[in-house]
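Accompanying notes for the structure given below.
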Amino acid sequence: MEQLTLFAPAGQSKGLPKHLLEYTPSMIGRAESDRLLSHFIETTPWKQNTQKLWDKEYLTPRLTCWYGETEKIAGTLAWTNELQAIREQVEPLAGIKFNSVLLNYYRDGNDSVAWHSDKESIMGSQPVIASVSFGQVRSFDIRSKADHNEKYSVRLEHGSFLLMKSGLQENWEHRIAKSTRPMHARINLTFRLVI
1 MEQLTLFAPA GQSKGLPKHL LEYTPSMIGR AESDRLLSHF IETTPWKQNT
51 QKLWDKEYLT PRLTCWYGET EKIAGTLAWT NELQAIREQV EPLAGIKFNS
101 VLLNYYRDGN DSVAWHSDKE SIMGSQPVIA SVSFGQVRSF DIRSKADHNE
151 KYSVRLEHGS FLLMKSGLQE NWEHRIAKST RPMHARINLT FRLVI
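Residue numbers for the sequence shown follow full-length UniProt numbering, so the first one is 1 and each next one is one higher.
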């Protein structure tokens with residue numbers, strides 16, 4: 001496992017590129033975050049997708065569910081009251097009207113997402129993504145596509161908000177790594193504008 005820069009007191013690597021990422025540790029209070037974590041775990045119709053790698057299919061190491069404006073985005077479920085309320089909180093912070101949200105359920109330290117960028121054409125050439133996390137603190141790592149030694153990390157805390165700004169997906173990759181330490185459940189919401 002790669003060693004990242006030591007965390008600053010705010011839970012971020014020193015020198016985090018603020019023009020690409022904006023982090024707010026407690027956007028949603030503790031009691032409400034506890035309630036939402038339980039609510040999403042218990043009520044979301046989670047699916048485990050497969051992905052193809054080297055001509056083999058593998059189960060994705062996390063569960064997901066996609067919500068949005070069902071009349072415009074095929075395959076999404078209709079907004080719930082909880083997701084709509086969170087969307088109304090993050091849109092002013094992001095300066096964007098989002099029309100969908102991908103929920104990710106990391107059940108324990110074995111669940112993860114490998115290095116990647118969210119550069120699907122359906123989100124335009126310079127997507128902005130708003131991320132809200134509940135539950136287990138996990139490290140969100142980013143690295144430059146041009147130089148993998150240039151990397152940073154943010155500890156995504158319970159009830160926190162992370163804004164991935166324009167330019168991040170084009171030039172950087174991100175991940176949530178597996179952990180050998182015992183980990184509890186984590187839910188992550190990534191709000192997106194699908195064009």
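No residue lacks a Cβ here, since even glycine has one placed at the ideal position from N, Cα and C.
Check: Nearest to residue 156 by alpha carbon, out of 188, 31 and 117?; Outcome: 188
Check: Tell me the rounded alpha-carbon separation between residue 64 and residue 46.; Outcome: 6 Å
Check: Residue 131 and residue 164 - do their beta-carbons sit closer together than 8 Å?; Outcome: yes
Check: How far does the alpha helix (DSSP H) with residue 43 in it extend, from its first residue to its last?; Outcome: 30-43
Check: Distance check for residue 21 and residue 117, CA to CA, integer angstroms please.; Outcome: 14 Å
Check: Where does residue 63 sit, in a helix, a strand or coil, going by DSSP?; Outcome: strand
Check: For residue 127, does the count of other Cβ atoms within 10 angstroms reach 16, so buried, or fall short, so exposed?; Outcome: buried
Check: Within its chain, find whatever has a CB closer than 6 Å to the CB of residue 140; leave out the 5 residues flanking it on each side and keep chain order.; Outcome: 154 and 156
Check: Please classify residue 136: does DSSP put it in a helix, a strand, or coil?; Outcome: coil
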